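Heads up, the sequence shown is in the numbering used here, so the first residue is 8 and it goes up one at a time.
Where is the CB? At the ideal position from N, CA and C, for every residue including glycine.
Values in this document were obtained by computation on a predicted structure and should not be read as measured data.
A quick write-up on the structure given underneath.
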Amino acid sequence: MDARFDSFEYCPSVGASKGILVLWNSSLFTAEVLENLSFICNSVNLYQNLNKWTLTTVYRPTHQPARAFFLFQNRQIDLDSLGIFMGDFNFYRSLENRNRAGGNYQDILLFNISISHLGLIELPLKDRSYTWSNKQDNPLLQQLDYFFTTPWSLQYPNTTVLPVAKPILDHTPCQV
8 MDARFDSFEY CPSVGASKGI LVLWNSSLFT AEVLENLSFI CNSVNLYQNL
58 NKWTLTTVYR PTHQPARAFF LFQNRQIDLD SLGIFMGDFN FYRSLENRNR
108 AGGNYQDILL FNISISHLGL IELPLKDRSY TWSNKQDNPL LQQLDYFFTT
158 PWSLQYPNTT VLPVAKPILD HTPCQV
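In structure tokens, the structure reads:
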């Protein structure tokens, strides 16, 4: 673990391998882990000086009926005025988020409606088009990992999402 990141919260995935790991520097932030919701691995309130913001990490299911329930559950989330909502959504926002033809238009529409309902603003991924690969000889590449903010991003216009090298993972780790 990088010496700058000395505190963490880990949530294993349900029914699959891996999970989500959130790291932070305790000299910059104090944290309060909130109750976990199904398919939303964890929400952490982070405090810096007098500012509080909520980081919610997602590991969305890939099969029905949990897949449909996830979108409904997202519509029930009441994000604080300052927050980041990020993770593996296992949805993509447009057909351009895939390197191959095909895709599910209904999923695209439902995902974008959910994002709009929550009033989220997408933080663009820098220097990479896709965040997931099936690791085949002729790989399917997709952007399945997203980083959204509430309107607080207007207060922090230099917030970026940077991919981190991924020698063996199927998902690209990212740093916000």
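{"query": "Which one or two residues does DSSP pair with I27 in a beta bridge?", "result": "C18"}
{"query": "So, is F118 buried or exposed, given that buried needs 16 or more other C-beta atoms within 10 angstroms?", "result": "buried"}
{"query": "By how many angstroms is the C-alpha of E16 removed from the C-alpha of M8?", "result": "Residue placement at M8 is poorly supported in this model, since its pLDDT is 44, which falls under 50; the coordinates are not used for a value here."}
{"query": "Is the CB-CB distance between L151 and Y66 below 8 Å?", "result": "no"}
{"query": "Secondary structure at P158, three-state DSSP: helix, strand or coil?", "result": "helix"}
{"query": "Just tell me which of I27, F12, E39, D134 has its CA closest to the CA of S33.", "result": "F12"}
{"query": "Where does D9 sit, in a helix, a strand or coil, going by DSSP?", "result": "The pLDDT assigned to D9 is 48, lower than 50, so where the model puts this residue is not dependable; a value taken from the coordinates is nonetheless given after this. Reduced to three states, the DSSP call for D9 is coil."}
{"query": "Would you tell me roughly how many angstroms separate the C-alpha atoms of R135 and N104, rounded to the nearest one?", "result": "11 Å"}
{"query": "So, under 8 Å CB-CB, I122 and V183 are touching, yes? Tell me the CB distance rounded to an integer number of Å.", "result": "Between V183 and I122 the Cβ distance is about 17 Å, and since that is not below 8 Å, they are no contact."}
{"query": "Could you check what DSSP says for L169 in three-state terms: helix, strand or coil?", "result": "strand"}
{"query": "Going by C-alpha distance, which of I120, C181, H124 is nearest W139?", "result": "C181"}
{"query": "Given K133, which residues of its chain have a CB within under 6 Å of its CB, disregarding the five upstream and five downstream residues?", "result": "T167, L169"}
{"query": "Which of the three DSSP states is assigned to S140 in this structure?", "result": "strand"}
{"query": "Compare the Cα-Cα distances from T61 to each of L102, T157, D177, H178 and report the closest residue.", "result": "T157"}
{"query": "Taking the alpha carbon of Y163 as the point to measure from, which residue in Q113, C18, L130, D144 has its own alpha carbon closest?", "result": "L130"}
{"query": "Using C-beta distances below 8 Å, list every residue in its chain close to I128, excluding the 5 sequence neighbours before and after it, in chain order.", "result": "F155, T156, T157, P158, S160"}
{"query": "Return the chain-ordered list of same chain residues with a C-beta closer than 8 Å to the C-beta of D177, the five sequence neighbours on each side being excluded.", "result": "W139, S140, N141, K142"}
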